[in-house]
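Undergrad: Sharing a structure here in structure tokens format.
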Amino acid sequence: MLVCHCKAVFERRVRKAIADGARDEFDVAIACGAGTGCGGCVPTITRLLRETIGETAQNAVKGNRTYVDTR
Amino acid sequence: MKGTIAVVDILNEALTAELTAVNQYFIASKMAKNWSYNKLAEDYYQESLGEMKHAEAIIERILMLEGVPNMQRLFTVGVGETIIEQFKLNYEMEKAAVERYRRAVTICLEEADPGTRSFFEGILRDEEHHVDDAEGELEQLTQIGEALWLQKWV
């Protein structure tokens with residue numbers, strides 16, 4: 001399934017980024033560009049992160065980062 | 072005639088869903104056409120137009136209730152990589168639409184707005200019909216298999 005329309009990134013590429021160590025939306029953005037255009041796919045990326053590494057693991061890593069919703 | 076905040080909000084949520092559906096069905100149509108599934112391409116094209124007419128009716132209702140239609144926001148536009156993946160994404164979208172319109176009816180009851188309630192009930196019937204059609208197709212897919220089912224849409 002296409003996840004990021006703006007950067008043409010498919011689900012398997014996002015899953016690979018997570019498998020390679022991406023632990024939050026920033027990591028996924030740096031790894032493959034998904035989420036760096038209009039931002040519309042970020043909820044989908046969050047869901048994929050939760051499905052693979054789980055909510056507690058994700059929140060534990062967020063640490064000092066501040067996320068600003070600019071949409 | 073002024074609508075309540077809750078009613079205009081749920082109308083706008085429905086509008087966002089319909090505009091999303093316009094795009095989702097449209098790209099599904101064009102990808103099907105690109106792969107020469109001409110019958111499916113035509114069906115999806117008509118679905119896209121149908122959703123646009125739903126959006127039109129919602130926009131008119133919001134304006135009548137002195138609200139501001141949100142034309143900017145979209146939910147996730149699901150784009151599958153195969154005909155069957157797309158079909159399933161569209162089915163999920165229609166099921167979400169039925170759930171949303173049922174919730175909208177409840178909100179209109181709570182807000183004592185029977186006019187908007189009956190408006191939503193009309194669209195709900197359309198969406199239930201879409202879900203019913205999609206469920207029929209998915210059942211047939213499991214019964215006759217992928218290759219035979221895809222052949223229907225060429």
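Chains as they are written, first to last, in the numbering used here: chain P, 1 to 71; chain G, 72 to 225.
Each residue gets a CB set at the ideal place from its N, CA and C atoms; glycine is no exception.
Predicted model only: the values in this text are computed from it and were never measured.
1. Give every residue of the same chain whose Cβ lies closer than 6 Å to the Cβ of Y162 of chain G, excluding the five residues on either side of it in the sequence, and list them in chain order.
2. Who are C4 of chain P's beta bridge partners in DSSP?
3. Determine, using beta carbons only, whether N64 of chain P comes closer than 9 Å to chain G.
4. Does chain G have any CB closer than 9 Å to the CB of L48 of chain P?
5. By the criterion of Cβ-Cβ separation under 9 Å, what are the contact partners of L160 of chain G in chain C?
6. Contact between the stretch 7-21 of chain P and the stretch 30-38 of chain P: three or more CB pairs below 8 Å?
7. Report the option in G:W106, G:Q95, G:A103 whose CA atom is closest to the CA atom of M123 of chain G.
8. Rounded to whole angstroms, what's the CA-CA distance from M142 of chain G to M135 of chain G? Just pull it up for me.
9. Would you call the stretch 126-134 of chain G and the stretch 76-84 of chain G in contact, with 3 or more CB pairs under 8 Å?
10. Could you give the C-beta distance for V28 of chain P and A17 of chain P, rounded to a whole number, given that I count them as a contact under 8 Å?
11. Can you confirm whether T255 of chain G, when its beta carbon is compared against all beta carbons of chain P, has any partner nearer than 9 Å?
12. State the Cα-Cα distance for the pair Y119 of chain G and I45 of chain P, rounded to the nearest angstrom.
13. Can you tell me where the alpha helix (DSSP H) with T213 of chain G in it begins and where it stops?
14. Express the C-alpha separation of Q157 of chain G and E51 of chain P in angstroms, rounding to a whole number.
15. Quick one: which unbroken alpha helix (DSSP H) runs of 4-plus residues sit fully inside the stretch 12-51 of chain P? Chain order, please.
16. Which whole-angstrom value is the C-beta distance of W224 of chain G and K110 of chain G, which I expect to be below 8 Å?
17. Need the endpoints of the alpha helix (DSSP H) that G74 of chain G sits in, please.
18. Using only CA atoms, which one of G:T75, G:A112, G:T213 lies nearest to V139 of chain G?
19. Beta-carbon within less than 6 Å of T187 of chain G's beta-carbon, same chain only, minus the 5 sequence neighbours each way: which residues are those?
TA: Quick look at the numbers:
1. Once the five neighbours on either side are set aside, the close Cβ partners of Y162 of chain G are A205.
2. DSSP, once it has assigned bridges, lists P:V9 as partnering C4 of chain P.
3. Any reading at N64 of chain P needs caution, since the residue's pLDDT is 44, under 50, leaving its predicted position unreliable; the model's value is listed next. Judged by the 9 Å Cβ criterion, N64 of chain P is not in contact with chain G.
4. Answer no: the Cβ-Cβ gap between L48 of chain P and chain G never drops below 9 Å.
5. Protein chains P and G are contained in the structure displayed, whereas chain C is not.
6. Short answer: they touch.
7. Per the Cα distances, G:Q95.
8. Roughly 16 Å between the two C-alpha positions.
9. Yes, they touch.
10. Between V28 of chain P and A17 of chain P the beta-carbon gap is near 5 Å, inside 8 Å, which marks them as a contact.
11. Past the boundaries of the shown model lies residue 255 of chain G; chain G is included only from 72 to 225, so the question cannot be answered.
12. The amino acid occupying residue 119 of chain G in the given sequence is Ser; Tyr does not appear at that position. Those two C-alpha atoms are separated by around 26 Å.
13. If you look at T213 of chain G, you'll find it in the alpha helix (DSSP H) that goes 185-215.
14. When rounded, the distance between both Cα atoms is 21 Å.
15. Within the stretch 12-51 of chain P, complete alpha helix (DSSP H) segments of at least 4 residues are found at 25-32, given in chain order.
16. Sure, about 5 Å apart at Cβ, within 8 Å.
17. Note, G74 of chain G: premise wrong, no alpha helix (DSSP H); not H, not E.
18. Measuring C-alpha to C-alpha distances from V139 of chain G to each of G:T75, G:A112, G:T213 identifies G:T75 as the nearest.
19. Residues of the same chain with a CB within less than 6 Å of the CB of T187 of chain G, apart from the 5 flanking positions on each side, are V78, C179 in chain order.
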